[in-house]
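Residue numbers (the UniProt record's numbering): 1 to 104.
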């Protein structure tokens, strides 16, 4: 794993909180699926690429929840890094911002 990946601080982006919450993979290196399901309160995850190294891990079925909550910060980041996404879709529910090497 690269030094960048091991030093990047992952964050939980919760639609009900104004500030991102620092989080850490339980094994100290990369998030496992069971851990992601618990952090995101979901059963299926999807990856949204922001840059060559940064990703958002999101609840793939978040839009089917009732109610579903728009994640303004995750959506804003997605739009900033991927302008083609603007106006096409949005991210709902919790999301994890991390280095792509922190998800295996």
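Positions of the beta carbon are idealized from the N, C-alpha and C atoms, including for glycine. Since the model is a prediction, treat every value here as computed from it, not as a measurement.
Please list, in chain order, all residues of the same chain as residue i whose beta carbon is under 8 Å from its beta carbon, the five residues on each side excluded.
i          : result
residue 23 : 10, 11, 12, 39 and 96
residue 69 : 15, 16, 92 and 93
Taking the alpha carbon of residue i as the reference point, which residue from the options has its own alpha carbon closest?
i           : options            : result
residue 63  : 78, 46, 50 and 79  : 46
residue 100 : 66, 57 and 83      : 57
residue 8   : 34, 103 and 98     : 98
residue 77  : 102, 34, 54 and 35 : 54
residue 65  : 94, 83, 86 and 29  : 94
residue 107 : 48, 72, 71 and 43  : Since the displayed the chain opens at 1 and closes at 104, residue 107 lies outside it and no answer follows.
residue 59  : 33, 26, 84 and 27  : 33
If we ignore side chains and look at the alpha-carbon of each, how far apart do residue i and residue j end up?
i          : j           : result
residue 89 : residue 18  : 21 Å
residue 92 : residue 104 : 23 Å
residue 51 : residue 67  : 30 Å
residue 41 : residue 74  : 16 Å
residue 29 : residue 87  : 35 Å
residue 72 : residue 83  : 15 Å
residue 26 : residue 35  : 8 Å
So for residue i, helix, strand or coil by DSSP?
i           : result
residue 112 : It is not possible to answer for residue 112, since the shown part of the chain is limited to 1 through 104.
residue 21  : strand
residue 46  : strand
residue 59  : strand
Excluding sequence positions up to five away, which residues of its chain have a Cβ less than 6 Å from the Cβ of residue i?
i          : result
residue 20 : 11 and 13
Excluding the 5 residues preceding and the 5 following residue i in the sequence, name in chain order all residues of the same chain whose CB lies nearer than 7 Å to its CB.
i          : result
residue 81 : 50 and 51
I need the boundaries of the beta strand (DSSP E) containing residue i, first residue and last residue.
i          : result
residue 12 : 11–13
residue 97 : 95–99
For the alpha helix (DSSP H) that contains residue i, what are its first and last residues?
i          : result
residue 38 : 33–40
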